[in-house]
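Structure first, then comments.
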Amino acid sequence: MNLDISFGQYCEGKSVLHRMDPRAKIIASVLYIIVVFLAKNLWSFGLLLLSAAVLILASGISPKIILKGMKALTFIIIFTSVINIFWMKGETLLFSLGFVSVYLEGILNAIMIALRIIVLLIGTSVFMTYTTTPIALTDGLEQLLAPLKKLHLPVHEFSMMMTIALRFIPTLIEETQKIMNAQKARGADFASGSLMKRAKTLIPILVPLFISAFRRAEELATAMECRCYTGGDGRTRMNVLHASPKDVVLCILLVLLGMVVIFTNGLGGYSLSW
Amino acid sequence: MAQVELQNISFIYGAGEPYEIRALDNISLTIGGSTVTGIMGHTGSGKSTLVQLLNGLLKPTEGKVILDGKDIWEDPKKIRDVRFKVGLVMQYPEYQLFDETVRDDIAFGPRNMGMSPDEVNARVLEAAQFAGLKEALLDKSPFDLSGGQKRRAALAGVIAMRPELLVLDEPAAGLDPGGREEILNSIREYQKISGTSVIIVSHSMEDMALYCDRVIVMEAGRVFMDGTCAEVFSRYDELISVGLDVPQITYVASELKKYGLDIGRDVYTVKYATAKILEKVRGDNA
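So the protein lines, in turn, are chains A and B.
Residue numbers in the first sequence follow my numbering, run continuously in steps of one, and reach 277 at the last position.
Residue numbers in the second sequence follow my numbering, run continuously in steps of one, and reach 279 at the last position.
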């Protein structure tokens, strides 16, 4: 079993994007998602690819790392676009095998859907996970959602839960690996046998894993209480977020990108149906 | 009595990635026979990696692991058989306990080996006895045991497979001095009775000095020293130079030498030092 998840991990750096306000980056991600879904024809997608390349350059993260991170998602990308090839009905029939007909429009559609997913992944991961620490991210989210506190929504508690959950993902992965190794050393076999049998082999992993997760949770709660944590009310922060002009510029740039995409959509060529 | 031979072993974590780490660098060793071998070294010196190569949890990047004359990776499908022969007790093994009763938990290994219920039962009782677990505890939940008892239950779970080579990674870590001594004595006792080869990984020089016949010192992924306790600890100045400790009594002996009482460099147990000092003092008086 491979537990390597480099996709969505923070990569240290000193680029412009790293230094930006997390709130701006969250807003930018949302804008970017909207822009990606606005794009309808190959011109627009060309523009999006260009913007993704610019983003990677601006983040200073090696494209190798980003490509490696996307590897795990190759299957989803290929699967969604292949389904599109066979499902789309169009005007230009290329060939048909029995009940399966492949149209030129289907292929164009498939290419654009694949591009859409790829650009979406690059954009959001570069803005949020690769260049923003999980703590900064949840901090930013908490402040963006702060108006909801007026509606008595537990915004602080929610973001604290998210911080803790993110913090413990690597720890739990490491723990799982250790427990798996310990059970393998006693002859546990995770790779063969029927589905029922394999499900059963998970018990020796899940039981110790849950127990240690509960133990950790309790220890963490005690440690937080020892430091007088009682929730978000009246808590001051060590890192106060400051929005700077470049954060505003980033958001404006994205709005402009959206406008240009709407313009290029009108340039003609095959247009994506949804 | 098994013998493991490591031939030119190198191990790299994340080979080919920007953050690759060479944990072991061209190591050749033969471990086994009816002895207790100690492996010591700093955190990050490659001890735990080495130990996980012995039972095939990790596959060496370069080199071969030969168990009883056969390369263990010759047929990767049979790697499970290697794990029954080389029993590994991991660090803090009490966190691997999972079954409803201690008895069932100890039986996990033997059941995986495909033994009949009678055989399994016999193995469980035998292993519990070796590990110093009272029979009354066997029907309790492993989560109701004390820390020391949990550690013993986990140890019994590996002994129950009757491995030819028993490897223990920091078996006494986190136990109080009494618990330490008890569990290490159980291991030593088990080695004497069963004739199994035992490998103990430890930070504690005192434990090494008391319980091991041979000591291997690792440093930065290489074998730094390899010899009997007397040989290794007599080179205490080199050990200290790489930031490792030596038994307290070795320090005492080296200080005594400065004051003119030379009892030799190979002092590493209090018992031996006492005898030597008495011999010296009486000899001088005579």
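We put the CB at the ideal spot given by N, CA and C, even for glycine.
Predicted model, so just to flag it, every value in this text is computed and none were measured.
Beta-carbon gap between residue i and residue j smaller than 8 Å
| i | j | result |
| --- | --- | --- |
| LEU158/B | VAL29/B | no |
| ALA16/B | PHE4/B | yes |
| ILE32/B | GLY49/B | no |
| ARG76/B | LYS153/A | no |
| LYS249/A | MET91/A | no |
| TYR133/A | TYR13/A | yes |
| GLU281/B | SER134/B | Examination of residue 281/B is not possible in this model, given that chain B is present from -6 through 279 alone. |
| ARG207/B | MET218/B | no |
| ALA185/A | GLN142/B | no |
| ILE36/A | LEU147/A | no |
| SER47/A | ASN268/A | yes |
| ARG173/B | GLU87/B | no |
| ARG26/A | GLY143/A | yes |
| ILE242/B | VAL274/B | no |
| ILE14/B | ILE2/B | no |
| LYS40/B | LEU60/B | no |
| ALA232/A | LEU111/A | The sequence as given places Tyr at residue 232/A; Ala does not occur at that position. No. |
| TYR85/B | GLY167/B | yes |
| ILE125/A | GLY109/A | no |
Extent of the continuous alpha helix (DSSP H) to which residue i belongs
| i | result |
| --- | --- |
| GLN186/A | 158 to 188 |
| LYS57/B | Per DSSP, LYS57/B belongs to no alpha helix (DSSP H); it is in the beta strand (DSSP E), 55 to 60. |
| GLU222/A | 206 to 229 |
| THR42/B | 40 to 47 |
| PHE123/B | 110 to 123 |
| ASP250/A | 248 to 268 |
| VAL160/B | Here VAL160/B belongs to no alpha helix (DSSP H); instead the beta strand (DSSP E) covers 158 to 162. |
| PHE101/B | 95 to 105 |
| ALA283/B | The structure shown has nothing for residue 283/B, since chain B only spans -6 to 279. |
| GLU182/B | 170 to 187 |
| LYS67/A | 66 to 74 |
| GLU231/B | 229 to 234 |
Range covered by the beta strand (DSSP E) that runs through residue i
| i | result |
| --- | --- |
| GLU224/B | Counting along the chain, GLU224/B falls outside any beta strand (DSSP E), though it belongs to the alpha helix (DSSP H) covering 222 to 226. |
| ILE80/A | Premise fails: ILE80/A lies in the alpha helix (DSSP H), 77 to 90, not in any beta strand (DSSP E). |
| TYR106/A | 103 to 106 |
| ARG73/B | Not the beta strand (DSSP E): ARG73/B falls in the alpha helix (DSSP H), residues 72 to 78. |
| SER190/B | 190 to 194 |
| LEU97/A | 96 to 100 |
Beta-carbon neighbours of residue i, restricted to chain E and to distances below 8 Å
| i | result |
| --- | --- |
| GLY271/A | Going by chain labels, chain E is absent from the structure shown, which instead holds the protein chains A and B. |
Separation of residue j from residue i, as counted between CA atoms
| i | j | result |
| --- | --- | --- |
| VAL38/A | GLY261/A | 5 Å |
| VAL210/A | ALA220/A | 15 Å |
| ILE116/A | SER84/A | 6 Å |
| TYR6/B | VAL44/B | 15 Å |
| SER99/A | LEU41/A | 32 Å |
| ASN5/A | THR179/A | With a pLDDT of only 44 at ASN5/A, under 50, the local geometry of the prediction cannot be trusted, and the value read off the model is given with reservation. About 11 Å. |
| GLY49/A | LEU275/A | 14 Å |
| LEU45/A | ILE114/A | 9 Å |
| ASP259/B | LEU175/A | 45 Å |
| MET108/B | ALA120/B | 15 Å |
| ALA3/A | GLY125/B | No information on residue 3/A is available, as it lies outside the stretch 4 to 277 that chain A covers here. |
| GLU182/B | GLY236/B | 32 Å |
| ILE270/B | GLY188/B | 34 Å |
| VAL191/B | VAL245/B | 30 Å |
| ILE72/B | ARG215/B | 26 Å |
| GLY62/B | GLY190/A | 22 Å |
| ILE64/A | ILE186/B | 59 Å |
| HIS106/B | LYS250/B | The question names His, but residue 106/B in the sequence shown is Met. The alpha-carbon atoms of MET106/B and LYS250/B are separated by roughly 56 Å. |
| VAL158/A | ARG240/A | 16 Å |
| LYS28/A | ASP137/B | 49 Å |
| THR141/A | ILE30/A | 13 Å |
| ALA266/B | LEU177/B | 22 Å |
| LEU76/A | ILE120/A | 10 Å |
Strand pairing of residue i, partner residues [DSSP]
| i | result |
| --- | --- |
| PHE4/B | LEU17/B |
| TYR252/B | None, per the DSSP bridge assignment. |
| ILE209/B | ILE32/B, ASP219/B |
| ASN112/A | Beta-bridge pairing links ASN112/A to no other residue. |
| LEU147/A | DSSP output for LEU147/A lists no bridge partner at all. |
| ASN44/A | SER274/A |
| ASP192/A | None, per the DSSP bridge assignment. |
| THR23/B | GLU(-2)/B |
| LEU203/B | In the DSSP output, where bridge partners are listed per residue, LEU203/B has none listed. |
| LEU81/B | VAL160/B |
| ASP259/B | Answer is none; ASP259/B lacks a bridge partner. |
At least 3 beta-carbon pairs within less than 8 Å: the region 91 to 101 of chain B vs the region 144 to 156 of chain B: yes
Segment contact, 8 Å Cβ cut-off, at least three pairs: the region 196 to 207 of chain A with the region 155 to 169 of chain B: no
contact_flag[the region 48 to 57 of chain A, the region 160 to 172 of chain A] where n(CB pairs < 8 Å) is 3 or more: no
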